[in-house]
Amino acid sequence: MELFWILLFSALHYSVKGQGVYAPANAQIAHSGQACVVKDDNISERVYTIREGDTMMLQCLVKGHPRPVVRWTKTAGSASDKFQETSMFNESLRIEKIQRMQGGRYYCKADNGIGVPAIKSIRVDVQYLDKPNLTVHQTISDVRGSYYQEKTVFLRCTVNSNPPARFIWKRDSEVITHNQDNGVDIYEPLYTQGETKVLKLKNLRPQDFANYTCQVSVRNVCNIPDKSVTFQLTNATSPPSLKLSVNETLVVNPGENVTISCLVITGEPMPTISWTHYPGPMPPLTRIQGGTITLWNVQVQDSGYYNCTAVNNVGNPAKKTVNLIVRDMRNITFQITPDSNKDSETIEMEKDVKLSCHVDAQPQDRVNYTWYKNGMPVRTSSSLVIIRNDFDLAPGTSSLEILDLKFTDLATYKCVASFPGTPIPKLQIEMNVTDKSVKPPTLAVPRGRGIITVREGSRADLQCDLTGNPRPPVLWSRADKELPMPNGEWIVETKDGRLRLENVTRDMTGTYRCQTARYNGLNIKPREATVQLNVQYAPVVDPQFTDKRFKTGTSATLRCSLLKGNPQAIATATWRLNNRLVRSGQTDSKDVSELKIEAVNQDTIGTYECMISNDVGSSSCIFYVSARAYSPEFYYDTPNPIRVQKEKNTYSFLLQWTQKDAYAVDPVIGYKLDFRQLKYQTSISKQISSTLNRKGDLMEYTLDGLKINESYEVRLTPITNYGAGDPTTRLIHYIEREYSSYIAAVFH
């Protein structure tokens, strides 16, 4: 083992070329995977044909220095399958089981900031052939008055394919050609653009009753076999028609079992029946047997439209719909409307008053409202008028108008809502009408509570005082922003006008609106007020973490900035070096604090922390200060071996690199090279002297005696008077291909 390394490094050769090397990016697209064919469509584009369901593999082979960044993009595909832009360093794009919507033009863009980015493209053409669909349409027309009728049949064959399919019509086993006889026409409808072929049988004859086959073919492209569909045409062939066993609107009670049947009246061949439900899927307790659907123990959520569709590929599908309504009644409410003609907001004697009653129900138009006064049924009279549907209010609202309120009208009124003749429980609500029974609400923000200032993470209490009889609920919402409330709802209802926000964040800052809601009380204009919430939070600083490198002996300035905060001003700034206090106190600037390093040396390098406070909290800028050299940058390429000696089973590799930001720190005086074969844990280190003449100098190191089919790891570390810098690592793999041998280098 030791002899191997000795022999290897005895063959290593090193040199420095005095030239600046910054090569622009270059790219080529290679393919692998299950391609059917790849051909050049024109000078700038290649076409990659693949069968749907196969695996696509594209590789972007790039060159350039610094190493180019590869980005794949796609256009001319389906909007439902957007290809996400992704930066990747392995230059490979793999799509398992590719689908037709993933076809299109794929771009490989290589960019390393030098010159113009390199862009190459390849068009991916996904090939497929679906099973054709065959439908039959019939027309009957009178000829020469009433002497006889002609019956014309159209057999329409439709298919989805890429490339466009070729159609072959057969009667039984015989191929039908265009203009075969006067009774047959084959044509392509203009609006379908080659995906539909029609076989027209004019003035149907006895010999036309046969088995017709539509066969489609893409000429075995990508080894896709032909597909076909067959239809038997008889003198009984007819489109489907249906009849329902129930009414189109079906109203039932909760808990009942419901059976709906779609009866086939006509249709040859026998139609296939399917059921759908809107909105949403079928209820879980549903049994479907052909044209009959049974719903067990129906509930309110099972209401909706049940659609029965019959298809036999003759004519248009037949469809019937049943609107199932499961009776439901809940949430009864009332409103008292003072005389709207007098713009009044209180109940006054000798003025009109309207009592309204509403219940949420389905079907809404089947609800029956009954009014009672002091327990006795109300009948329409000259002073009491019952309105079945009040058009001034929500649909299905019943109102009782009291005209010219008198002392005898001051009473307790009751509204009862019901579904007569059903087991649905009745709902009722009472209203007391006196000249003092109701009082209009008032809404106001308490003194000193118009602006609420709290710290981020604490609790905020917003308050709007409310009076009135009865007292309406209060609705809270954002007034200055199109945003939901902190709990995710657009409106939050409170009973007492108090809104409590826990663990507030800076995003909650803004104006909040409180307003009265519609309620079981006066039907008048809503009241509203606003409260301002001011959330204070700790500073947001820049930079949070940064690596600063300088030449030894030079001065440097560190700068910590306040990006945002509440308050938006620096109160104090504290600087520390390696946790040792350097400076503390107030700053002259409201948004920045600076620290000057007189000379970068062993005493002044380390970790600097600048802690900025704004009286609410604090945040820190962290600076890692050193004179450490940056890592080398390997010259990125996919080169051929310098020399391959098959008889010795070895090859050579030219290692090339430049030094990143070579003059940002002390000059690089050499490199440490660590080299090992991946199969073994031991490695060899070697010191290499170096002198950089100018920025971008290209370093070269020749590795000889590398074994074919073996992988190697190379680690390169720059050395300055300060010490070791950042290393960089490269893996070298030798790969044998059919027509050429090359080395693939992968960066880490």
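In case it helps, my numbering puts the sequence shown at residues -10 to 737.
We treat Cβ as the ideally placed atom computed from N, Cα and C, and that holds for glycine.
Review point. Comparing alpha-carbon positions, which option in Cys251, Thr226, Gly244 and Lys216 lies nearest Lys232?
Key: Closest option to Lys232, Cα to Cα, is Cys251.
Check your understanding: With DSSP run on the structure shown, which of helix, strand or coil describes Met497?
Key -> Looking at Met497 - three-state DSSP - the assignment turns out to be helix.
Review point. Could you give the C-beta distance for Pro515 and Gln504, rounded to a whole number, given that I count them as a contact under 8 Å?
Key: That pair is a contact at about 5 Å.
Check your understanding: So Thr62 is in the beta strand (DSSP E); what residue range does that whole segment cover?
Key -> The continuous beta strand (DSSP E) containing Thr62 extends over residues Val58 to Thr64.
Exercise for review: Report yes if the C-beta distance between Pro430 and Gly457 is below 8 Å; otherwise report no.
Suggested key: Cβ atoms of Pro430 and Gly457: closer than 8 Å.
Practice item. Give the straight-line distance between the Cα atoms of Ile721 and Ser700, rounded to the nearest whole angstrom. Key: C-alpha of Ile721 to C-alpha of Ser700: approximately 6 Å in a straight line.
Check your understanding: Near Glu390, which residues of its chain fall below 6 Å by C-beta distance, leaving aside the five closest residues on each side in sequence?
Key -> Beyond the five residues adjoining it in sequence on each side, Glu390 comes within less than 6 Å, by CB distance, of Lys343 and Val374 in the same chain, given in chain order.
Check your understanding: If we count the other Cβ atoms within 10 Å of its Cβ and call it buried at 16 or more, is Val303 buried or exposed?
Key -> With 16 or more other Cβ atoms within 10 Å, it is buried.
Point to revise | CB-CB length for Lys675 against Leu662, believed under 8 Å | key: 5 Å between Cβ atoms; contact.
Check your understanding: Do three or more CB pairs link the segment 686 to 706 to the segment 636 to 653 at distances below 8 Å?
Key -> Touching, yes, given that three or more Cβ pairs across the two stretches are closer than 8 Å.
Check your understanding: Is it buried or exposed for Ala307, if we count other Cβ within 10 angstroms and need 16 for buried?
Key -> Classification of Ala307: buried, given that the 10 Å Cβ count is 16 or more.
Practice item. With a floor of 3 residues, list each beta strand (DSSP E) that falls wholly inside the segment 564 to 633, ordered by position along the chain. Key: You should have 569 to 574, 581 to 586, 595 to 602, 607 to 615 and 621 to 623.
Review point. Do you know whose CA, among Arg617, Ile18, Asn698 and Tyr669, lies nearest Val633's CA?
Key: Nearest C-alpha to Val633: Asn698.
Review point. Just checking, does the segment 426 to 440 make contact with the segment 359 to 378 on the three C-beta pairs under 8 Å criterion?
Key: No, the segment 426 to 440 does not touch the segment 359 to 378.
Review point. Nearest to Gly542 by alpha carbon, out of Thr561, Asp341, Asp536 and Thr593?
Key: Residue nearest to Gly542 within the set Thr561, Asp341, Asp536 and Thr593 is Thr593 (criterion: CA-CA distance).
**Study point:** DSSP state of Pro430 mapped onto helix, strand, coil
**Key:** If DSSP states are grouped into helix, strand and coil, Pro430 belongs with the strands.
Check your understanding: For Gln288, is the classification buried or exposed, using 16 other Cβ atoms within 10 angstroms of its Cβ as the cut-off for buried?
Key -> Exposed, because fewer than 16 other Cβ atoms sit within 10 Å of the Cβ of Gln288.
Practice item. For Met77, count neighbouring Cβ atoms within 10 angstroms of its own Cβ and tell me buried if that reaches 16, exposed if not. Key: Per-residue confidence for Met77 stands at a pLDDT of 49, beneath the threshold of 50, marking its modelled position as unreliable; the derived number appears in the next sentence. It counts as exposed.
Point to revise | Nearest-angstrom Cα separation, counted from Pro716 out to Leu527 | key: Correcting the residue identity first, residue 527 is Ala in this sequence and not Leu. Rounded to whole angstroms, the separation of the alpha carbons of Pro716 and Ala527 is 38 Å.
Check your understanding: If we call anything under 8 Å between Cβ atoms a contact, is Lys540 one with Leu547?
Key -> Annotated as distal: Lys540 and Leu547, with beta-carbon spacing of 8 Å or more.
Practice item. Could you name the residues of the same chain whose beta carbon sits closer than 8 Å to that of Thr223, not counting the 5 residues immediately before and after it, in chain order? Key: Around Thr223: Phe198 and Glu257.
Practice item. Please state whether DSSP places Val287 in a helix, a strand or coil. Key: Coil, per DSSP.
Practice item. Go ahead and pull the three-state DSSP assignment for Val218. Key: Val218 carries a strand assignment under DSSP once its states are collapsed to helix, strand and coil.
Exercise for review: Please state if the CB of Asp317 and the CB of Ala350 are separated by a distance shorter than 8 Å.
Suggested key: Yes, the pair counts as a contact, with Cβ atoms nearer than the cut-off.
Point to revise | Paired residues, beta bridge with Asp349 - DSSP | key: DSSP output for Asp349 lists Arg319 as bridge partner(s).
**Study point:** Contained beta strand (DSSP E) runs [length at least 3] in the segment 469 to 535, N- to C-terminal order
**Key:** Every beta strand (DSSP E) of 3 residues or more that sits fully in the segment 469 to 535 is shown, in chain order, as 481 to 483, 487 to 490, 499 to 505 and 517 to 531.
Check your understanding: If you count every other CB in all the chains shown that lies within 10 Å of the CB of Val164, and 16 or more means buried, which is it?
Key -> Here Val164 is exposed, its C-beta having fewer than 16 other C-beta atoms within 10 Å.
Check your understanding: Nearest to Asp328 by alpha carbon, out of Asp341, Asn320 and Ile321?
Key -> Closest option to Asp328, Cα to Cα, is Asp341.
Review point. Leaving out five residues before and five after Pro532 in sequence, what residues of the same chain have Cβ atoms less than 7 Å from its Cβ?
Key: So the list reads Cys610, once near-sequence residues are dropped.
Exercise for review: Count the other CB atoms, across all protein chains shown, that sit within 10 Å of the CB of Asn603; report buried if there are 16 or more and exposed otherwise.
Suggested key: Asn603 comes out buried.
Point to revise | Rounded straight-line distance, which links the Cα of Lys52 to that of Arg719 | key: Their Cα atoms are separated by approximately 16 Å.
Point to revise | Cβ-Cβ distance between Thr647 and Leu705 below 8 Å | key: The Cβ-Cβ distance between Thr647 and Leu705 does not fall below 8 Å.
**Study point:** Secondary structure of Val356, DSSP reduced to three states
**Key:** Here Val356 carries a coil assignment [DSSP, helix/strand/coil].
**Study point:** As assigned by DSSP and simplified to three states, the class of Cys211
**Key:** In the three-state scheme derived from DSSP, where H, G and I count as helix and E and B as strand, Cys211 is classed as helix.
**Study point:** Cβ-based burial, Tyr723 [other Cβ within 10 Å; buried from 16]
**Key:** Under the 10 Å beta carbon count, Tyr723 is surrounded by 16 or more other beta carbons and is classified as buried.
Practice item. With DSSP collapsed to three states, give me the class of Arg89. Key: Three-state result, Arg89: helix.
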